[in-house]
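Trainee: Taking our numbering, the leading residue of the sequence shown gets 3, the next gets one more, and so forth.
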Amino acid sequence: MSETIILYSSRYGAARQYAHMAAEELGRGARDVKDVRSAASGDIMKADCIILCGGIYAGGLSGVSWMRKNSAALAGKKVVLFAVGASPWDEKAVEQLRERNLKGLPGNVVLFYGRGAWDESAMSFKDRTLCRMLQKAVAKKDPASCEPWETALLEASGRSCSWIDKKYLEPVYEYLATP
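(1) Suppose the cutoff is 8 Å on Cβ atoms and the five residues either side in sequence are ignored; what does the same chain contact list for A179 look like?
(2) Looking at the structure shown, is K128 part of a helix, part of a strand, or coil, going by DSSP?
(3) S11 and S73 - do their beta-carbons sit closer together than 8 Å?
(4) Using only the alpha-carbon positions, how far apart do T6 and W120 sit?
(5) Roughly how far, in whole angstroms, is the beta-carbon of L171 from the beta-carbon of G116, given that I think they are within contact range, below 8 Å?
(6) With a 10 Å radius around its C-beta and 16 neighbouring C-beta atoms as the bar for buried, classify M47 as buried or exposed.
(7) Is T131 close to chain B? Criterion is C-beta to C-beta, closer than 8 Å.
(8) Measuring only the C-alpha atoms, how far is K143 from E157?
(9) Given a threshold of 16 other Cβ atoms within 10 Å of its Cβ, counted over all protein chains shown, does S89 qualify as buried or as exposed?
(10) Got a sec? Which residues, its chain only, sit under 6 Å from R2 by beta carbon, not counting five neighbours each side?
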């Protein structure tokens, strides 16, 4: 049986929740769930598969810098980067994530997306301030010209929302089942 290590990089907890859901589904094959900051190179070397669940912050994907630093150790393994964001699925946005974040990573890194959560009360002052500024700018736009993420941003304003769902991990399991 192949050995899988599941890592996460999460500011507010949604990526961590997805990491634990994946471990539960994968069962005995999933050896560890760790914060990426505590992952040792020995952990990676023992694994056949690495799953990294990372939050999206201002278009950047948390955990990608760790992957870049450890790219040599990822060679020849199945590597899944599971991006977690507050926006609904949008192919254009996911493609932009790929272009921006997979540059410089080994070709065996595959990106998947799952919708996370939104809770302004849990955000740092800086994140909350930036989000509110962005909400004000987006609110001035014609609603018909808004991107899906902009519409979702306005809808979530002032609310606590969780869209975390196991269904977003299904494509990951399908990918892992392929030889």
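The beta carbon of each residue, even a glycine, is placed where N, CA and C say it ideally should be. Being a predicted model, the structure only gives us computed values, none of them experimental.
Mentor: Looking at the atomic coordinates:
(1) none
(2) helix
(3) no
(4) 29 Å
(5) 7 Å
(6) exposed
(7) In the structure shown, chain B does not exist; there is a single protein chain.
(8) 14 Å
(9) buried
(10) Given a span of 3 to 181 for the chain in the structure shown, any question on residue 2 remains unanswerable.
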